[in-house]
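Colleague: Handing you this structure, nothing more for now.
Next comes the structure, spelled out in structure tokens:
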């Protein structure tokens with residue numbers, strides 16, 4: 025018996041340990057269609073996504089390494105070989121990485137932060153669609169999402185912003201048990 029959408033939401037977890045296989049093209053098409061249902065004020069379509077898979081993940085790792093070397097040199101620091109290797113291997117943690125980019129289009133009624141939230145909603149929808157199909161993912165940002173060298177290497181334009189790197193694959197091991205939160209701790213009735 026298939027679980028309900030609410031059950032899917034209540035059981036959603038991030039999967040930091042991922043392996044082959046990645047979703048089939050048919051499942052990915054469904055996942056992508058889910059992302060395109062994100063709230064989109066004025067129908068700007070402020071999203072664009074890059075798919076990084078196969079040997080291209082190694083190129084992305086080299087891009088991460090080079091960007092970090094440049095950043096450390098500006099701080100008058102040196103990266104150890106261990107740090108450099110970790111950077112090179114980061115994209116190899118999953119068979120597919122989806123780079124989520126907000127186009128940040130100029131618009132009088134839709135500020136850039138709202139466009140970035142729309143991209144974030146699309147990432148969330150993809151995570152749910154992946155999980156409902158037996159796959160997993162983890163949304164990461166960090167220094168590489170803000171690094172000018174990484175952005176240039178990925179073809180991210182000056183006004184655009186990387187909202188996240190979505191690592192996708194088959195989860196390894198059991199999902200992490202997450203204690204449910206009490207809504208009363210976070211939702212309060214406003215009383216003027």
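In this note's numbering, the protein residues as written are 25 to 216.
Beta carbons are placed, not taken as given, at the ideal position from N, Cα and C, and that holds for glycine.
#1: Pick out the complete alpha helix (DSSP H) segments inside the region 138-196, 4 residues or longer, and give them in chain order.
#2: Can you list, in chain order, the residues of its chain whose CB lies under 6 Å from that of residue 195, leaving out five sequence neighbours each side?
#3: Considering just the uninterrupted stretch of the beta strand (DSSP E) at residue 124, what are its terminal residues?
#4: Between which residues of its own chain and residue 177 is the CB-CB distance below 7 Å, once the five residues before and five after are set aside?
#5: Going by the CB atoms, is the gap between residue 74 and residue 123 shorter than 9 Å?
#6: At the level of alpha carbons, what is the spacing between residue 32 and residue 127?
#7: Kindly identify the DSSP beta-bridge partner or partners of residue 76.
#8: Using C-beta distances below 7 Å, list every residue in its chain close to residue 55, excluding the 5 sequence neighbours before and after it, in chain order.
#9: Could you give the C-beta distance for residue 119 and residue 193, rounded to a whole number, given that I count them as a contact under 8 Å?
#10: Does the Cβ-Cβ distance between residue 42 and residue 191 come in under 9 Å?
#11: Does DSSP put residue 48 in a helix, a strand or coil?
#12: Measure from the alpha carbon of residue 112 to the alpha carbon of each residue in 79, 186, 143, 133, then state which is nearest.
#13: Under the DSSP definition of a beta bridge, which residues are partnered with residue 42?
#14: Considering only the alpha carbon of each residue, which of 203, 200, 139 lies closest to residue 63?
#15: Could you pull out every residue in the same chain whose Cβ sits closer than 6 Å to the Cβ of residue 183, ignoring the five residues on either side in sequence?
#16: For residue 23 versus residue 93, is the C-beta distance shorter than 9 Å?
#17: With residue 108 as the anchor, note down where its alpha helix (DSSP H) starts and where it stops.
#18: I'd like to check one pair, residue 71 with residue 179: are the Cβ atoms closer than 9 Å?
#19: Using C-beta distances below 7 Å, list every residue in its chain close to residue 66, excluding the 5 sequence neighbours before and after it, in chain order.
Modeller: The answer reads as follows:
#1: For the region 138-196, whole alpha helix (DSSP H) runs of length 4 or above, ordered along the chain, are 167-170, 172-177.
#2: Cβ within range, chain order: 39, 160.
#3: From DSSP, the beta strand (DSSP E) with residue 124 extends over 120-126.
#4: Excluding positions up to five away in sequence, the list reads 87.
#5: Pairing residue 123 with residue 74 gives a Cβ-Cβ distance under 9 Å.
#6: Distance between the alpha carbons of residue 32 and residue 127 is about 29 Å.
#7: In the DSSP secondary-structure assignment, residue 76 is bridged to 121.
#8: Close CB contacts of residue 55 within its chain, under the 7 Å cut and outside five residues either way in sequence, are with 47, 150, 153, 154 (chain order).
#9: Contact annotation, residue 119 with residue 193: C-beta distance approximately 5 Å; criterion of less than 8 Å satisfied.
#10: Yes, they are a contact pair.
#11: Residue 48 falls in the coil class under three-state DSSP.
#12: Among 79, 186, 143, 133, the Cα nearest to that of residue 112 belongs to 79.
#13: BP columns for residue 42 point to 195.
#14: The candidate whose alpha carbon is nearest that of residue 63 is 139.
#15: For residue 183, the CB contacts under 6 Å within the same chain, skipping 5 residues up- and downstream, are 128 in chain order.
#16: One cannot answer for residue 23 here, as it falls past the ends of the chain, which runs 25 to 216.
#17: Segment 105-113, the alpha helix (DSSP H) holding residue 108.
#18: No, the pair does not count as a contact, with Cβ atoms beyond the cut-off.
#19: 131, 133, 134, listed in sequence order.
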